[in-house]
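As you go down the protein sequences, you meet chains V and E in turn.
The first sequence begins at 1 in my numbering and counts up by one.
The second sequence begins at 1 in my numbering and counts up by one.
Just so you know, even glycine gets a beta-carbon here, dropped at the ideal spot from N, CA and C.
Since this is a predicted model, take the numbers as computed values, not measurements.
Worksheet: one structure, shown below.
Number of protein chains: 2
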Amino acid sequence: MEVVTVDLGERSYPIYIGGGVLSSPQLLRRHIHGNQVMVVTNEVVAPLYLQQVLDLLSGLQCDTVILPDGEQHKTLHTMEKIFDGLMAKGHNRTTTLIALGGGVVGDITGFAAASFQRGINFIQIPTTVLSQVDSSVGGKTGVNHALGKNMIGAFHQPQCVLIDTHTLSTLPAREVAAGLAEVVKYGLIDDAPFFHWLEQNMKELVALESTPLTYAIKHACECKARVVAQDEKESGVRALLNLGHTFGHAIETKCGYGEYVHGEAVAIGMNMAADLSHRMGWISLKEARSVGNLLLEADLPIYPPESMGADDFLSAMALDKKTINKSLRLILMKQVGQSVITDQFEEALLQQTLSAGKSLCS
Amino acid sequence: MEVVTVDLGERSYPIYIGGGVLSSPQLLRRHIHGNQVMVVTNEVVAPLYLQQVLDLLSGLQCDTVILPDGEQHKTLHTMEKIFDGLMAKGHNRTTTLIALGGGVVGDITGFAAASFQRGINFIQIPTTVLSQVDSSVGGKTGVNHALGKNMIGAFHQPQCVLIDTHTLSTLPAREVAAGLAEVVKYGLIDDAPFFHWLEQNMKELVALESTPLTYAIKHACECKARVVAQDEKESGVRALLNLGHTFGHAIETKCGYGEYVHGEAVAIGMNMAADLSHRMGWISLKEARSVGNLLLEADLPIYPPESMGADDFLSAMALDKKTINKSLRLILMKQVGQSVITDQFEEALLQQTLSAGKSLCS
């Protein structure tokens with residue numbers, strides 16, 4: 001088992017990573033301080049892992065809430081089911097919420113924990129690659145608004161995160177790939193050696209081989225933990241974590257949640273960022289293509305949908321053509337493994353990237 | 001104009017108090033840092049004061065949301081109207097929410113501000129005595145759950161609070177009295193001289209005379225600001241602010257929101273606390289009766305509803321008779337002007353207080 005500590009002063013917490021950490025009750029129990037817990041999961045994960053978690057909690061008042069599955073249920077309305085359960089079962093402010101599932105379950109449960117009685121403890125047990133390397137680290141919680149993702153939420157840190165890589169064996173291949181997109185992101189942000197390690201080991205990761213998988217998840221958590229510790233409330237460097245997300249969100253918005261899962265949209269967005277970085281003369285064609293190649297190796301899409309032109313991107317990014325340079329900051333690559341937040345890009349080159357479709361030079 | 005500073009380090013903020021502070025645009029404008037604002041108010045307050053506030057905001061993108069009036073609308077569902085407005089009008093994370101109204105508007109708007117994009121600025125313009133002396137100080141925000149008051153919320157401090165005592169001229173007398181109950185509370189907690197000042201000046205306060213009213217509101221805000229500064233997240237001394245609230249909440253729960261307004265229930269609760277403190281031998285009969293007398297002077301009820309016996313109180317307080325002493329801590333009076341949080345009360349005497357009805361010895 002590996003342990004990564006997210007260093008946030010009195011809000012610091014450990015991430016336990018390994019195959020089988022969910023078989024060890026003492027790991028979980030040491031982070032539960034009252035005698036009440038509520039496990040929040042969804043209808044897909046419940047039949048797979050709920051009983052295993054409940055078995056770790058004997059002797060406590062332990063209730064469960066099972067949410068519907070899917071990003072479209074990441075709403076205030078769904079969150080009310082958690083409050084209804086907590087109130088109906090008489091939970092007080094010493095209770096602990098346990099989020100068992102992917103990013104949607106984690107984000108809703110975290111926000112419920114931030115809000116119930118103005119803040120109770122919670123624990124994350126992420127069961128997807130994406131939530132293991134991304135949403136379980138950093139304390140961002142929240143739900144979507146019909147007009148925008150993650151618009152309503154709170155910063156609320158968990159007591160601990162338990163990542164059992166065995167839970168990935170039941171994850172659809174498409175979800176594995178989507179999570180690997182975020183893993184690649186950490187290499188691109190500030191860690192060229194990790195990027196090159198990924199180039200050597202991507203096949204094994206796609207095949208869920210335990211040793212490289214544990215290493216990659218640990219390394220990704222460390223990258224994110226390092227960035228979050230520098231900038232908990234996202235006033236500066238944490239924005240680097242949005243590499244690929246500006247373009248990716250535009251794709252998700254235009255295509256509707258569902259056609260692309262989040263990691264796929266981010267993969268395309270990273271490839272577009274590589275393309276623009278090359279057009280700017282910041283990275284070589286070879287470097288730009290290495291980004292696309294690694295994403296392809298992970299079975300990810302790298303080209304924007306043919307239906308989307310430059311205007312579609314700009315409107316989804318809520319940008320007026322006349323004010324692009326005033327209002328847009330992008331995360332681009334100075335090299336593979338060194339990303340920057342910048343408004344110093346040429347608008348004409350951005351237009352080329354946005355309209356390139358399958359002709360992206362990366 | 002008087003200014004009280006709530007001292008919370010980097011979250012410190014000023015409370016401006018006086019007749020006419022809403023006529024001075026620069027007070028408000030210096031606390032707005034972006035170029036977008038949204039004023040949230042309700043259908044009763046909007047026709048009275050909304051235009052006056054909008055007049056202070058010229059040159060900014062200024063939108064409004066008008067909520068239904070009443071405690072029964074203090075829900076997540078109502079809060080969504082604020083998010084809908086913010087999203088529809090394209091507000092970003094530099095926007096400022098302005099809460100114009102009583103405690104319900106302030107609490108909902110504050111929680112919306114805590115949650116929109118994980119935290120935006122907000123300003124309180126409380127227009128009732130109760131919200132001026134209580135809910136606008138301390139950063140508690142939130143909404144009710146069907147099974148419990150204020151169960152869902154956040155701690156979120158405003159940029160400033162503007163208290164214009166002129167707005168009280170349109171407040172129903174019953175609401176004035178309810179607010180004065182909380183003013184009396186501050187005297188009882190730790191300020192005997194203020195309690196005695198109130199005994200001398202209650203008639204003038206009920207008549208809304210400007211000079212004593214401004215003094216009383218300022219003094220109450222100072223009391224609360226002092227307590228909150230010591231204990232922002234209510235882990236200790238802040239609980240003293242709940243004097244009268246344990247009994248009061250039981251009355252509100254049993255009678256349904258509406259039969260008694262909050263301040264009335266708290267007035268009865270404080271009188272019951274005085275009664276029990278006297279039965280315990282901590283305060284004299286004369287002192288206990290002085291509490292009831294001052295509340296009567298403010299036109300407040302002091303006896304619990306005849307329909308409620310000891311069992312009704314205990315069940316509303318979610319207490320099993322067998323575990324009262326294990327789970328209940330009460331705020332009682334060692335003297336008038338010195339309250340304490342204690343589990344050192346005699347259960348038999350508590351039973352007498354809960355079943356005394358109109359025979360309360362205070």
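- Not one beta carbon of chain E lies nearer than 8 angstroms to the beta carbon of V/GLU264.
- Counted as a single uninterrupted DSSP element, the beta strand (DSSP E) harbouring E/SER339 occupies residues 338-342.
- For the stretch 79-103 of chain V, the set of positions with a beta-carbon nearer than 9 angstroms to some beta-carbon of chain E reads MET79, GLU80, PHE83, ASP84, LEU86, MET87, ALA88 and GLY90 in chain order.
- A distance below 7 angstroms between beta-carbons, with the five flanking residues on each side excluded, links V/GLN230 to the following residues of its chain, in chain order: VAL237.
- Here the alpha carbon of E/ARG289 sits roughly 22 angstroms from the alpha carbon of E/HIS249.
- The way I'd put it, the stretch 300-316 of chain E does touch the stretch 250-268 of chain E; three or more beta-carbon pairs between them come closer than 8 angstroms.
- Per DSSP, the continuous alpha helix (DSSP H) segment holding V/THR78 begins and ends at 76-88.
- The continuous beta strand (DSSP E) containing V/GLU2 extends over residues 2-6.
- Legend: CB atoms of the stretch 326-357 of chain V lying less than 8 angstroms from CB atoms of chain E are not found in any residue.
- Between V/CYS361 and V/VAL4, the C-beta gap is not smaller than 8 angstroms, which leaves the two residues out of contact.
- Neighbourhood of E/ALA114 in chain V, by CB distance below 8 angstroms: ALA154, in chain order.
- Under the criterion of beta carbons closer than 8 angstroms, V/ASN42 and V/VAL105 qualify as touching, at roughly 5 angstroms.
- A straight-line Cα-Cα distance of about 6 angstroms links E/MET87 and V/LEU147.
- Taking the beta carbon of V/HIS245 as reference, no residue of chain E falls within 9 angstroms; the closest one sits roughly 15 angstroms away.
- Following the DSSP letters along the chain, one finds V/GLN51 inside the alpha helix (DSSP H) bounded by residues 51-54.
- When DSSP states are grouped into helix, strand and coil, E/TYR186 belongs to the helix group.
- Around the C-beta of E/ARG118, 16 or more other C-beta atoms lie within 10 Å, and the residue is accordingly described as buried.
- For E/ILE217, the enclosing alpha helix (DSSP H) stretches over residues 210-230.
- Nearest neighbour of V/ASP63 by Cα position, chosen from V/LEU50, V/GLU175 and V/LEU243, turns out to be V/LEU50.
- With respect to E/LEU188, E/LEU243 sits close: the two C-beta atoms are nearer than 8 angstroms.
- Going by DSSP, E/GLY263 is part of the alpha helix (DSSP H) stretching over 262-279.
- Between V/ALA99 and V/GLY110, the C-beta gap is smaller than 8 angstroms, which places the two residues in contact.
- Rounded to the nearest whole angstrom, the CA to CA distance from E/GLN72 to E/GLY258 is 9 angstroms.
- Along the length of the stretch 154-205 of chain V, whole beta strand (DSSP E) runs at least 3 residues long occupy 161-164, reported in chain order.
- Counting only Cβ-Cβ distances below 7 angstroms, E/GLY142 has contacts in chain V at ARG118, in chain order.
- Those residues of the stretch 144-174 of chain E placed with their C-beta closer than 7 angstroms to a C-beta in chain V are HIS145, LEU147, GLY148, MET151, ILE152, GLY153, ALA154 and PHE155, ordered along the chain.
- Within the same chain, and ignoring the five residues on either side of E/THR214 in sequence, the residues whose Cβ sits closer than 8 angstroms to its Cβ are GLU2, ILE17, GLY18, GLY19 and THR165.
- A Cβ-Cβ separation of about 5 angstroms places V/TYR13 in contact with V/CYS160 under the 8 angstroms criterion.
- Rounded to the nearest whole angstrom, the C-alpha separation of E/GLU264 and E/ALA177 is 8 angstroms.
- For the 8 angstroms CB-CB criterion, V/SER339 and V/ASP134 do not form a contact.
- Under a criterion of Cβ atoms nearer than 8 angstroms, no residue of chain E is adjacent to V/LEU240; the nearest Cβ is some 18 angstroms distant.
- Secondary structure of V/HIS73 (DSSP, three-state): helix.
- With respect to the C-alpha of E/LYS203, the residue from E/LEU294, E/ALA348 and E/TYR260 having the closest C-alpha is E/LEU294.
- Of the residues V/MET272, V/LEU67 and V/TYR303, the one whose Cα lies closest to the Cα of V/VAL45 is V/LEU67.
- In this structure, DSSP gives E/PHE345 a state outside helix and strand, which the three-state scheme calls coil.
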